[in-house]
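Throughout, this note's numbering is defined as the position within the sequence shown, counted from one, plus 1223. C-beta: ideal position from N, C-alpha, C; glycine also. Below you'll find the structure, written out as structure tokens, and then a few comments.
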Amino acid sequence: MDAIHEAIDTRRKIRLIYTDYDVNKKRYMTNDGAPYTVSPYTLEWNGDYYYLRGFCDERQAVRTFRIDRIAEQPKILNQIAVSSPEDYSPAQYSKCVFRMFDTDQPEEVQLLCHVSTMKHIIDHFGTDVETEPIDEESFRANVFLCTSSTFYRWIFGFNGKIRILGPESVQTAYREMLRKALEEL
1224 MDAIHEAIDT
1234 RRKIRLIYTD
1244 YDVNKKRYMT
1254 NDGAPYTVSP
1264 YTLEWNGDYY
1274 YLRGFCDERQ
1284 AVRTFRIDRI
1294 AEQPKILNQI
1304 AVSSPEDYSP
1314 AQYSKCVFRM
1324 FDTDQPEEVQ
1334 LLCHVSTMKH
1344 IIDHFGTDVE
1354 TEPIDEESFR
1364 ANVFLCTSST
1374 FYRWIFGFNG
1384 KIRILGPESV
1394 QTAYREMLRK
1404 ALEEL
């Protein structure tokens, strides 16, 4: 992590090799073994792991990398790091991603929630999350987030107490995930 801290402090890009696991629990290099070039923005602790967040040249987007999945110490390059987008806020971005699984673009999602879930909505999105009471038992929440299978699993965990109202593309993706899961039973 020292190299990452140094790169953040000196506003330099880093080159890293990222790994994943195959069905035999063997590590392999992602991106066909080619390194990623990243402009590091922040290091963050979340759910027992450290994560690096920064602009990935290969993906042309802000991406998240789990530190323990980086194969070796990243190399600091003599290239100036890409500045973070003007609208980039580490705190806001953390609210958008679910357990550090992010997609290319956050989007606004409307949720219909049972009153018992308000504490969970606030825990994840903060007290400034936009909500609107519907009746004594339910409210609507407009949240800005990165949709991912982790987000859909989070919704599923509320056993129908949080429903996706829109956009339709997010509803469709959730239904498709549920359909695939049912087919596996």
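Residue i versus residue j: straight-line alpha-carbon distance, rounded
{"i": "Ile1344", "j": "Lys1384", "result": "12 Å"}
{"i": "Glu1360", "j": "Glu1331", "result": "23 Å"}
{"i": "Met1323", "j": "Asn1301", "result": "Because Met1323 carries a pLDDT of 46, less than 50, the predicted location of this residue cannot be relied on, and no value is offered for it."}
{"i": "Gly1263", "j": "Tyr1397", "result": "Correcting the residue identity first, residue 1263 is Pro in this sequence and not Gly. Whole-angstrom Cα-Cα distance: 32 Å."}
{"i": "Met1341", "j": "Leu1408", "result": "32 Å"}
{"i": "Glu1348", "j": "Ser1306", "result": "Reading off the sequence shown, one finds Phe at residue 1348, where the question assumed Glu. If I take the Cα positions, the gap works out to 25 Å."}
{"i": "Lys1248", "j": "Thr1242", "result": "12 Å"}
{"i": "Trp1377", "j": "Arg1250", "result": "27 Å"}
{"i": "Ser1392", "j": "Asp1358", "result": "27 Å"}
{"i": "Leu1368", "j": "His1337", "result": "20 Å"}
Coarse secondary structure for residue i, derived from DSSP in three states
{"i": "Gln1261", "result": "A quick correction: the sequence has Val, not Gln, at residue 1261. Note: Val1261 maps to strand in three-state DSSP."}
{"i": "Lys1249", "result": "coil"}
{"i": "Arg1376", "result": "helix"}
{"i": "Asn1269", "result": "strand"}
Residues that DSSP places opposite residue i in a beta bridge
{"i": "Thr1287", "result": "Arg1276"}
{"i": "Val1332", "result": "Val1366"}
{"i": "Tyr1241", "result": "Ile1293"}
{"i": "Ile1385", "result": "Cys1336"}
Opening and closing residue of the alpha helix (DSSP H) in which residue i lies
{"i": "Glu1391", "result": "Glu1391 to Glu1406"}
{"i": "Tyr1311", "result": "Premise fails: Tyr1311 is in no alpha helix (DSSP H) and is neither H nor E."}
{"i": "Ala1226", "result": "Asp1225 to Thr1233"}
{"i": "Ser1361", "result": "First-last for Ser1361: Ser1361 to Leu1368, but that is the beta strand (DSSP E), not the alpha helix (DSSP H)."}
{"i": "Asp1346", "result": "Met1341 to Phe1348"}
C-beta contact flag for residue i and residue j at 8 Å
{"i": "Pro1308", "j": "Arg1238", "result": "no"}
{"i": "Thr1253", "j": "Asp1280", "result": "no"}
{"i": "Leu1334", "j": "Val1285", "result": "no"}
{"i": "Ile1240", "j": "Ile1293", "result": "yes"}
{"i": "Ile1299", "j": "Leu1266", "result": "no"}
First and last residue of the uninterrupted beta strand (DSSP E) at residue i
{"i": "Ile1299", "result": "Lys1298 to Ile1303"}
{"i": "Glu1355", "result": "Glu1353 to Pro1356"}
Chain B within 8 Å of residue i, Cβ atoms only
{"i": "Leu1266", "result": "The structure shown contains no chain B, having only a single protein chain."}
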